[in-house]
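Colleague:
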Amino acid sequence: MQEAWKLIEQSTSILLITHLNPDADTICSALALYPILKDMSKKVTLFNTEKELPIKYNFLPNYKKFRSKPPSYYDLVIAFDSGDIKRLGVEKFDAKIINIDHHKSNTNFGDINIIDATKPSCTLVVYDFLLANGIKMRRDVATCIYTGLVSDSDFFSYRGVDKETFITASSLVCAGANPHTISTNLKERDSLSKIRLTSLFLDSIELKKNATIAVGKVLKKDFDVTGATNSDSDHLVNIIISLATVRLAIFMRELEDGKFKFSLRSKGDLDVSAIAMIFGGGGHKNAAGFTAGEDILDEIINKVDIEDV
Ligand SMILES: [Mn+2]
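Here's what the structure looks like:
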């Protein structure tokens with residue numbers, strides 16, 4: 002962490018890069034570091050390859066400063082919440098990379114890698130990074146770190162949330178993060194399009210292997226009909242893992258090229274990041290994803306060994 006800080010101090014123009022289909026965690030990790038680097042008089046670009054970012058995060062400080070084009074010159078890249086370099090949507094960088102993440106499957110693609118798979122969010126790795134380098138917590142930074150935390154842990158419910166998490170959350174609230182405001186912004190700003198997409202998804206659900214596996218999907222045309230955006234489908238996999246008998250949930254979203262983005266969720270010891278890695282993806286033990294053709298669905302269902310419930 003000190004080495005990475007030194008690298009930041011030596012740099013003049015820094016690219017903060019977030020992953021494809023950005024979620025609150027990747028966005029908030031970059032936004033947490035942004036004002037700190039600006040205070041150090043660095044030139045800083047908040048970057049995501051996507052032209053239109055999810056509107057629901059626009060309550061976050063500096064969110065509108067995100068750009069979809071990198072500057073012509075930068076001498077340091079900091080990547081957030083991305084298990085591999087591919088997920089950033091950029092082939093190659095002409096500068097050193099600091100890789101900050103919490104995915105167990107991280108490929109250590111950076112020149113410096115700050116990976117802590119015990120953390121429930123990447124923003125908490127950023128939190129440790131700031132504290133390790135003597136940065137005092139402040140309201141705008143705490144708001145971003147707290148938002149990434151509650152979003153990625155589904156409000157303190159996933160694996161990796163422990164005593165330490167609550168101590169950190171408490172210090173973030175002390176620094177000015179407002180749990181109610183953040184929660185309202187994350188949970189109560191949905192579009193009707195999202196609810197209509199959810200309805201189409203519910204009709205697609207199928208149960209397999211004695212109802213231990215649930216599969217549901219949304220097609221390109223479902224987005225066209227409802228007007229929903231990609232991020233409007235982020236919650237769908239959680240609906241099917243909520244079924245009592247289900248131990249593996251498979252959500253499929255059709256992409257422009259006809260392939261599918263697979264999102265997997267599991268309960269207990271079933272390690273879905275291992276499954277995702279077979280197909281070139283990655284993630285966490287109970288939440289992972291990858292991209293592939295529809296035909297590999299049967300392969301997963303046949304391969305996965307789930308004893309009868
Ligand atoms: Mn994350």
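Numbering (the numbering used here), first residue to last: 2 to 310. Just so it is clear, CB atoms sit at the ideal spot from N, CA and C, and this is done for glycine as well.
Please classify A250: does DSSP put it in a helix, a strand, or coil?
Modeller: It is a strand residue.
Colleague: Consider the C-beta atom of C29 and the heavy atoms of ligand 1; say whether any pair is separated by less than 6 Å.
Modeller: It does not: the Cβ of C29 is nowhere closer than 6 Å to a heavy atom of ligand 1.
Colleague: Using a Cβ cut-off of 7 Å (strictly closer), state whether E189 contacts chain C.
Modeller: As a matter of chain content, chain C is missing from the structure shown, which is built from one protein chain.
Colleague: Since E255 sits in a beta bridge, which residues does DSSP pair it with?
Modeller: Paired residues: F261.
Colleague: In chain order, what residues of the same chain lie with their CB nearer than 8 Å to the CB of A25, ignoring the 5 residues before and after it?
Modeller: If we look at A25 and ignore the five residues flanking it on each side, its Cβ neighbours are Y58, T148, G149, S152, D153, L187.
Colleague: Hey, would you say the C-beta of C123 is under 6 Å away from at least one heavy atom of ligand 1?
Modeller: Answer for C123: yes, Cβ within range of ligand 1.
Colleague: Locate the beta strand (DSSP E) running through V78, then write down its first and last residues.
Modeller: It spans 77-81 - the beta strand (DSSP E) in which V78 sits, taken as one unbroken run.
Colleague: Since H103 and I116 should fall inside the 8 Å C-beta cutoff, what is the C-beta to C-beta distance between them, to a whole number of angstroms?
Modeller: H103 to I116, Cβ: 7 Å. Contact.
Colleague: For D155, is the beta carbon positioned less than 6 Å from some heavy atom of ligand 1?
Modeller: No.
Colleague: Does the segment 51-70 come close enough to the segment 215-228 to have 3 or more Cβ pairs within less than 8 Å?
Modeller: The segment 51-70 is not in contact with the segment 215-228.
Colleague: Per DSSP, which residues does T292 bridge with? Please list them.
Modeller: In the DSSP output, where bridge partners are listed per residue, T292 has K262.
Colleague: Looking only at its chain, what residues have a beta carbon closer than 6 Å to the beta carbon of S232, apart from the 5 residues adjacent to it on each side?
Modeller: If we look at S232 and ignore the five residues flanking it on each side, its Cβ neighbours are P55.
Colleague: Candidates E51, V273, E207, A245: which alpha carbon is nearest K105's?
Modeller: Nearest of E51, V273, E207, A245 to K105, Cα basis: V273.
Colleague: S267 bridges to which residues according to DSSP?
Modeller: Beta-bridge pairing links S267 to L249.
Colleague: Look up E4 in the DSSP assignment and say whether it is helix, strand or coil.
Modeller: Note: E4 maps to helix in three-state DSSP.
Colleague: Looking at ligand 1, does it come within less than 6 Å of D26, judged from the CB to the closest heavy atom?
Modeller: Flag set: Cβ of D26 near ligand 1.
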